[in-house]
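Just below is one structure, and these are the notes that go with it.
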Amino acid sequence: MWNLSEEDLFLNASFRSASDAIAFAGEKLADRGYVESTYIAEMQQRHEQVSVYIGNFVALPHADVQDGNLLKEGMILIQVPDGVNFGTTNKRQIATIVVAIALKKWTQLTVLQELALFFSDLENVRKISDATTKQEVIGCLKLAK
1 MWNLSEEDLF
11 LNASFRSASD
21 AIAFAGEKLA
31 DRGYVESTYI
41 AEMQQRHEQV
51 SVYIGNFVAL
61 PHADVQDGNL
71 LKEGMILIQV
81 PDGVNFGTTN
91 KRQIATIVVA
101 IALKKWTQLT
111 VLQELALFFS
121 DLENVRKISD
131 ATTKQEVIGC
141 LKLAK
């Protein structure tokens, strides 16, 4: 599993929409020096084309890496205790965990698979959703290695 630092974790976030959550995630990826700001719009476009919601209360917003938009590989995790809808009004897909990634193509495929496997266990989702400190989140992720 990818190593996350405390600076890559955002707890107790709240969003009105998936678009707001993706924008926040993209801004944080850019703030951390992982991507150019153009990556944010590409993340939004990807979600509009194919939902980034993977089930079990988890969304994995990302974009295809284009020339120049990836500065260095990175990932952030956002805890959203009240959840945010990544679906529609009729088909709600509530995410309490949003993991935004900015990785090279082959790394991205591997990490997406690892994240999907990790979050397929609802106990892992619960632990991260209920964590009150960044250290708790990091500890849970380290146990997955």
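In full-length UniProt numbering, the protein residues as written are 1 to 145.
Glycine residues also receive a C-beta, built at the ideal position from the N, C-alpha and C atoms.
Just so you know, these numbers come straight off a predicted model, no measurement behind them.
- Item | Expected contact under 8 Å - CB spacing of V111 and F119 to nearest Å | Here the question's residue 111 lines up with position 111 in the sequence shown. Here the question's residue 119 lines up with position 119 in the sequence shown. Not confirmed; about 12 Å, so no contact.
- Which word fits G68, buried or exposed, when buried means at least 16 other C-beta atoms lie within 10 angstroms of its C-beta? What you label residue 68 is simply residue 68 of the sequence shown in a count that begins at 1. Classification for G68: exposed.
- When burial is assigned at 16 or more other CB atoms within 10 Å of the CB, is S31 buried or exposed? Residue mapping note: residue 31 aligns to position 31 of the sequence shown, counting from 1. Note that residue 31 corresponds to Asp in the displayed sequence, not to Ser. Per the 10 Å Cβ criterion, exposed.
- Would you check if the distance between the CB atom of L29 and the CB atom of I76 is smaller than 9 Å? Stepping through the sequence shown from its first residue, residue 29 is reached at position 29. Stepping through the sequence shown from its first residue, residue 76 is reached at position 76. Cβ distance < 9 Å, so L29 and I76 count as in contact.
- Anyone know if the C-beta pair for F63 and R46 falls short of 9 Å? Reading the sequence shown from its first residue, position 63 is the one you call residue 63. Reading the sequence shown from its first residue, position 46 is the one you call residue 46. Inspection of the sequence shows that residue 63 is occupied by Ala rather than by Phe. Yes.
- Task: Decide if L143 is buried, meaning its Cβ has at least 16 other Cβ atoms within 10 Å, or exposed.
- Result: As a working note, residue 143 is residue 143 in the sequence shown. When all chains shown are included, L143 counts as exposed.
- Cβ pair A116, I22 closer than 9 Å: Locating residue 116 in the sequence shown gives position 116, counting from the first residue. Locating residue 22 in the sequence shown gives position 22, counting from the first residue. Cβ atoms of A116 and I22: not closer than 9 Å.
- Item | Proximity to E48 [Cα-Cα], best of L103, S17 and E6 | The residue you call residue 48 lines up with position 48 of the sequence shown. Minimum Cα distance to E48 is reached at S17.
- Task: Could you round the C-beta distance between A13 and V99 to whole angstroms and report it? I think they count as a contact, below 8 Å.
- Result: Taking the first residue of the sequence shown as 1, we reach residue 13 at position 13. Taking the first residue of the sequence shown as 1, we reach residue 99 at position 99. About 12 Å separates the two Cβ atoms, so there is no contact after all.
- For G83 versus F57, is the C-beta spacing smaller than 9 Å? Reading the sequence shown from its first residue, position 83 is the one you call residue 83. Reading the sequence shown from its first residue, position 57 is the one you call residue 57. Yes, Cβ-Cβ distance for G83 and F57 is below 9 Å.
- Compare the C-alpha of A102 against each of F15, E7, K91 and I40 and name the closest. Taking the first residue of the sequence shown as 1, we reach residue 102 at position 102. Ranking the options by Cα distance to A102, first place goes to I40.
- Message: Relative to the C-alpha of D8, which candidate in T38, D130 and F24 has its C-alpha closest?
- Response: In the sequence shown, residue 8 corresponds to position 8, counting from 1. Nearest to D8 by alpha-carbon distance, out of T38, D130 and F24, is F24.
- Message: Within the continuous alpha helix (DSSP H) that includes V137, where are the two ends?
- Response: Residue 137 sits at position 137 when you count from the first residue of the sequence shown. Note, V137: alpha helix (DSSP H), K134 to L143.
- Message: Taking DSSP's pairing of strands, which residues face L9 in a bridge?
- Response: As a first step, residue 9 is located in the sequence shown; it is residue number 9 there, counting from the start. DSSP lists L77 as partners of L9.
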